[in-house]
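What follows is a set of notes on a single structure, which appears directly below.
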């Protein structure tokens with residue numbers, strides 16, 4: 001049975017987006033995302049896909065939309081629900097990653113085996129926020145802590161929560 005993973009980065013006040021994009025530029029955090037998800041299917045909502053407007057290479061890209069006539073780039077698989085996306089992804093890998101947005105993060109954490117959570121050491125006035133997920137009953141390990149440097153202006157810590 002495939003493992004369901006959720007992966008996201010959030011601020012201290014749980015902000016994950018502002019104006020349709022990440023509210024920070026952290027190449028080291030993006031490298032962590034890429035290394036973690038490469039070679040595995042990624043599932044995202046239509047709005048998250050439209051914010052990127054590209055196919056993330058080296059991964060099966062699955063986009064959830066209820067729009068029957070939606071036109072996506074070649075290389076994007078369209079599905080109507082998270083459950084349908086998971087079923088499609090299971091045909092390709094033992095690890096599935098849900099990468100956004102808020103609605104699918106919330107649905108995904110409820111069913112996830114693992115959650116990769118990066119906490120960026122800043123408070124952001126954004127327009128997309130996650131709820132405060134309770135990981136107190138999960139095993140948590142710190143994967144990496146990165147202090148600010150020339151390319152990554154903010155401190156961040158990446159955690160892995162496992163049921």
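Residue numbers (UniProt numbering): 1 to 163. By construction, the Cβ of each residue, glycine as well, lies at the ideal position given by its N, Cα and C atoms.
By the DSSP assignment, the alpha helix (DSSP H) with residue i in it spans what residues?
i           : result
residue 66  : That residue, residue 66, is in no alpha helix (DSSP H); it is neither H nor E in DSSP.
residue 86  : 82 to 90
residue 150 : From DSSP, residue 150 is part of no alpha helix (DSSP H); its letter is neither H nor E.
residue 59  : Where residue 59 is concerned, there is no enclosing alpha helix (DSSP H), given that its DSSP letter is neither H nor E.
Relative to the ligand SAH, is the shortest distance from any of its heavy atoms to the C-beta of residue i smaller than 7 Å?
i          : result
residue 80 : The ligand SAH is not part of the structure shown, which contains no ligands of any sort.
Between the Cα of residue i and the Cα atoms of the options, which residue gives the shortest distance?
i           : options              : result
residue 9   : 163, 162 and 156     : 156
residue 102 : 83, 47 and 33        : 47
residue 159 : 35, 43, 115 and 38   : 115
residue 122 : 132, 12 and 6        : 12
residue 51  : 92, 22 and 137       : 22
residue 53  : 137, 120, 71 and 24  : 71
residue 120 : 113, 49, 154 and 111 : 154
residue 133 : 110, 150 and 36      : 110
residue 49  : 35, 34 and 78        : 78
Just reading off the beta strand (DSSP E) that residue i is part of, what are its end residues?
i           : result
residue 3   : 3 to 11
residue 158 : 156 to 162
residue 95  : 95 to 100
residue 17  : 15 to 17
If we call anything under 8 Å between Cβ atoms a contact, is residue i one with residue j?
i           : j           : result
residue 55  : residue 75  : yes
residue 6   : residue 126 : no
residue 92  : residue 144 : no
residue 163 : residue 94  : no
residue 80  : residue 62  : no
residue 128 : residue 17  : yes
residue 117 : residue 161 : yes
residue 32  : residue 96  : no
residue 152 : residue 28  : yes
residue 130 : residue 104 : no
residue 99  : residue 42  : yes
residue 38  : residue 58  : yes
Roughly how many whole angstroms lie between the Cα atoms of residue i and residue j?
i           : j           : result
residue 66  : residue 30  : 29 Å
residue 15  : residue 1   : 32 Å
residue 25  : residue 148 : 12 Å
residue 142 : residue 136 : 14 Å
residue 19  : residue 113 : 30 Å
residue 140 : residue 82  : 25 Å
residue 138 : residue 35  : 23 Å
residue 150 : residue 124 : 20 Å
**Study point:** Segments of 3+ residues assigned as beta strand (DSSP E) that fall wholly inside the stretch 104 to 143
**Key:** Segments of the beta strand (DSSP E) lying fully in the stretch 104 to 143: 114 to 120.
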